[in-house]
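Heads up, the thing below is written out as structure tokens.
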Amino acid sequence: MASFLTAFDAQLAKYLEQLEQLKEKNQGKRLFQPSFWLQQTDFDVAREVFVAATGTIGHTVTKFSLVYSKTPSKEEASSICEALGKPCEQLLAATNVALFCGAGPSLATEIINDAIRLIKSVHDLAKAIEKGDLARVPQLTGRVWEYSTSRVSKSNCVASKRSMLQCITMLNSTVDELKEFLAEQEEGESPGAALVEVEQDDEFGFDSSLTKEERTLFQSGLKLLSMCAAIMKRGVLTIKKLTITNDQDAFLKWTAKLDVSYTAAQDAIVDFGAALYPPIGIDELDEAVNELNSSATVILACLKEMPELASTEEDALGVGEAAFAKQLATCRNMADSTDLVAGFSIWAVPGKPSAQELEDVIKTYAERLQTPPFLPHMTVLSGVKALSAEEVTVKLSELADSMHVLDVEIQTLTFKDELYFQCVFGLLKLTSELRQAHGRAKEVYAVERKEEFMPHVSFIYGDLASEARAELAKELQPQLDGRLQKMDKLQLWRTLGPVESWELVAELPLRPNP
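Each residue of the sequence shown is one higher than the last, beginning at 1 in full-length UniProt numbering.
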């Protein structure tokens, strides 16, 4: 008996491995392409065999469940596995046949997922029996019975529409949830509502309120997501209007490509919605915007590739594409210019009296321009995430122990258009010493950066016009150009939210130069 259970467990594991390989071929290699749209005799027969195979497993489990007690003996439980051996083998064979009878991406996904769910539930049952965990047998047989009802669509047409509609439903739910959250923020501005919100937030230890800058960015992102919904609805409506025959190979290939583009967009939608919730992190949002743009671009391109596309439809898609691109640019500009960053940042800071002199410069211009003040520093590394304050502090000690005091020189005073944190700054000479410090920080914190390291000391943060930035840089040039500094400490800051909310977590000295 024990040897049978071990062999059965190994056989089921092999079946699951084969099914996972089929899943990878479908999702990664796009192996399965539709050869029919509404109906094909070969697939109809293969589907009936597949449904019968899943049903046989369900009937077998039900029969044994009715005969045995709530806690069967190991012999009784093992007999269930013996009876399920052949039906599981038949299910795997039926899965392969159905897949290769013209199933497209979504239809193949349904077939494979149904088979995996059912075989895995039988596998869980077999493992529990082998371990002697007989009290779980009724629960696990119930799960096998639940998964034995096949949910496979009758055609590629139904499967594709179902998959695309699920994607749009998820997108609409995300948009509705974000709109509801925004409405709650606006209602929360009244004193009574604010008090209730504070009480609720205190219970769970978080603050879900949006700052003024976050609200503007939130609204822009919500509009971008709503435009994605409009694009995707157009695709579904296009599919619904089509009458495709099985000999229209170009249309069949196009529907598969469109179908896949919707499935691929689901993660981007979820990630974008999550990135909009406070506290908004610019790095996270920027990545989510790029993913959403990639997904929307692929869908739009696919819609424009539809065979026999009418010129009026093509023009309408062009208008939609231009509107989306405009809103995308707006969202990106807002993200670039807003005073929000995310995660932890590691700063190299000057010692006294230089620190006080630079701080006085920063404060003077902050008061004059009504921009936020901050401490003078050179960012060694920013956007450190997925670590606790304790973990980043331990790593800061490791980093500080491996670094000497940094000698830096301001080469010139300059600015960058539209970038809030690089409104006006002193560009530092990029020495091998600074390059090594940045590289060491990336190594310690396991952070990858594609952009080239540009060491600098900012003197003004703000959303100022380009002309004003240029004038201020020119004004500061005589005072700061060529200035030498010694950065003798590392500071760890929690840079989450607006500048005013940044928090110093730890500070450590750097090793003296030999």
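Heads up, the beta-carbon is just placed ideally off N, CA and C, and yes, glycines get one too.
Exposure label - residue i; buried when at least 16 CB within 10 Å
i       : result
Met-454 : exposed
Glu-130 : buried
Ser-458 : buried
Lys-304 : exposed
Asn-156 : buried
Arg-469 : buried
Pro-350 : buried
His-59  : exposed
Asn-293 : buried
Arg-47  : buried
Pro-512 : exposed
Glu-291 : buried
Pro-87  : buried
Asp-114 : buried
Thr-245 : exposed
Gly-318 : exposed
Val-104 : The sequence shown places Gly at residue 104, rather than the Val named in the question. By the 10 Å Cβ count, Gly-104 comes out buried.
Val-45  : exposed
Ala-159 : buried
Gly-439 : exposed
Thr-54  : buried
Cβ separation of residue i and residue j, assumed to be a contact under 8 Å, to the nearest whole Å
i       : j       : result
Ile-231 : Ile-299 : 6 Å
Met-164 : Gly-102 : At roughly 19 Å, the Cβ-Cβ gap does not stay under 8 Å, so Met-164 and Gly-102 are not in contact.
Gly-383 : Leu-496 : With 8 Å as the limit, Gly-383 and Leu-496 do not qualify as a contact, their Cβ atoms being about 11 Å apart.
Ile-280 : Thr-174 : At roughly 16 Å, the Cβ-Cβ gap does not stay under 8 Å, so Ile-280 and Thr-174 are not in contact.
Ala-94  : Val-49  : 5 Å
Val-122 : Leu-12  : 6 Å
Gly-426 : His-404 : That belief does not hold up - the Cβ atoms of Gly-426 and His-404 are roughly 21 Å apart, past 8 Å.
Pro-376 : Glu-500 : About 17 Å; that fails the 8 Å criterion.
Ala-128 : Arg-117 : That belief does not hold up - the Cβ atoms of Ala-128 and Arg-117 are roughly 17 Å apart, past 8 Å.
Leu-358 : Gly-462 : So it is not a contact: roughly 17 Å between Cβ atoms.
Ile-112 : Lys-14  : Rounded, the Cβ-Cβ distance is 16 Å, inconsistent with contact.
Leu-276 : Leu-178 : 6 Å
Among the options, the one whose alpha carbon lies nearest that of residue i
i       : options                               : result
Gln-33  : Asp-249, Leu-413 and Tyr-262          : Asp-249
Cys-228 : Cys-88, Leu-328 and Leu-472           : Leu-328
Ser-153 : Arg-136, Ser-106 and Glu-184          : Ser-106
Ala-52  : Ser-150, Lys-363 and Trp-254          : Ser-150
Arg-30  : Ala-128, Ile-116, Val-260 and Glu-17  : Val-260
Ile-80  : Pro-373, Leu-140, Gln-18 and Ala-159  : Leu-140
Val-392 : Thr-414, Gln-491, Thr-371 and Arg-162 : Gln-491
Trp-254 : Leu-84, Phe-36, Ala-437 and Ala-441   : Phe-36
Ala-446 : Leu-381, Trp-493 and Ser-432          : Leu-381
Glu-82  : Phe-4, Leu-178 and Gln-219            : Phe-4
Ser-432 : Glu-451, Val-424, Leu-406 and Asp-9   : Leu-406
Gly-85  : Thr-56, Glu-75 and Lys-233            : Thr-56
Asn-26  : Ala-183, Leu-242, Pro-138 and Lys-257 : Lys-257
Glu-443 : Cys-423, Lys-416, Ala-400 and Asp-481 : Ala-400
Glu-467 : Val-424, Glu-451 and Lys-489          : Val-424
One or two residues paired with residue i in a DSSP bridge
i       : result
Ser-458 : Phe-425
Lys-486 : Asp-407
Met-378 : Ala-348 and Val-457
Thr-414 : Phe-425
Leu-504 : Trp-493
Pro-509 : Lys-489
Val-384 : Phe-344
Any 3 or more C-beta pairs closer than 8 Å across the stretch 480-500 and the stretch 404-411: yes
Touch test, the stretch 493-509 against the stretch 387-397, Cβ-Cβ under 8 Å, three pairs minimum: yes
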